[in-house]
Structure formats: C-alpha cells, structure tokens
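Read the structure below first, then the notes.
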Amino acid sequence: MNKQSILGNISPIIPAGKDLDKAIAFYEQKLGFKTIHTEGKPVRMAIVKRDSAQIFLQKNDDKHLAEGTQFLIQVSHIEQLYAEFIAKDESIIHPQGHLETKPWGLKEFVVIDSFGVCITFYEVANS
1 MNKQSILGNI SPIIPAGKDL DKAIAFYEQK LGFKTIHTEG KPVRMAIVKR DSAQIFLQKN
61 DDKHLAEGTQ FLIQVSHIEQ LYAEFIAKDE SIIHPQGHLE TKPWGLKEFV VIDSFGVCIT
121 FYEVANS
C-alpha cells in the first residue's frame, strides 16, 4: 500500500543577534516560550518552545538578515494571546501589526523580536 506523505510542524532557524542570552530572555519573558536546548559557551544556538511552536535561535548579528526574516505561527484563541502580549509589553507589537482580520481570511497580529524578526501570530477567521 502506498501511503501519502503528510507534512508536520515547521521549526524555523532565525538570526537572533550576537547576544543569544538577550534573545532567549525575550522569547521567555515576552512570548512565554521555554528554552529546551542550548549549545556553546557562550551560547551560539538555542531552541525555544511554547506548546507546539518550536524556534531555533542562531547567533547571527546580520541586522539586514533579521529584518528580512518573517514567519507565521498558527494559534488558537488569538484574542487571549494578543491580550497576554499587550499586558507584558505593548512595544513588542509591530506599529502596523495590531490584531485585525485580514482580507485573506486570517485574524492576525505581528510581534517584532529583540533583533528585528517579524513573527505573525494568526488564526483562521470565522466565516
């Protein structure tokens, strides 16, 4: 029997600046992730995770690369997550990235991490 392949979660590797301790603190304190692995002394790579979302943070101080990096994380109960992030630090929300429903059918908001990477949190909007 020939089985169909099914893709699962994606785990992006993103540039996190030259100070990974600062990046780790951002993901833990502002976004509620937990560090599940680090490599190097000083740290040159870390894996942070929250629920099913897993992100690899890599030491890389190319600001242009970071500011050109974007990815999306699908969530449930987006209003609660948005309120959680606003309560922790409203300045992490992109100035044009506040919670709204987009014409393409997603309810989303955008966070800018400590090094300039844009992370869109989204939920499929009710039809």
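Those letters in the sequence shown? Residues 1 to 127, by full-length UniProt numbering.
From the three backbone atoms N, C-alpha and C, an ideal C-beta is built for every residue, glycine too.
9 Å Cβ cutoff met for residue i and residue j
{"i": "Tyr122", "j": "Ile86", "result": "no"}
{"i": "Lys59", "j": "Ala16", "result": "yes"}
{"i": "Lys88", "j": "Lys3", "result": "no"}
For residue i, the nearest candidate out of the options (CA to CA)
{"i": "Val111", "options": "Trp104, Ala125, Leu81 and Ile10", "result": "Leu81"}
{"i": "Asp51", "options": "Ser76, Pro42, Gln96 and Ile13", "result": "Ser76"}
{"i": "Thr38", "options": "Ala23, Gln74, Pro103 and Thr120", "result": "Ala23"}
{"i": "Gln74", "options": "Ile10, Lys3 and Asn2", "result": "Ile10"}
Spatial neighbours of residue i in its chain, beta-carbon cut-off 8 Å, leaving aside the 5 residues before and after
{"i": "Glu100", "result": "Lys107, Glu108 and Phe109"}
Residue range of the beta strand (DSSP E) that includes residue i
{"i": "Leu31", "result": "Taken as a continuous stretch (DSSP letters only), Leu31 belongs to no beta strand (DSSP E), as it is neither H nor E."}
{"i": "Glu123", "result": "Cys118 to Val124"}
{"i": "Glu108", "result": "Leu106 to Ile112"}
Bounding residues of the alpha helix (DSSP H) (the contiguous stretch that carries residue i)
{"i": "Ala66", "result": "Lys63 to Glu67"}
Close Cβ partners of residue i (< 7 Å) along its chain, the five nearest in sequence each way excluded
{"i": "His98", "result": "Phe109"}
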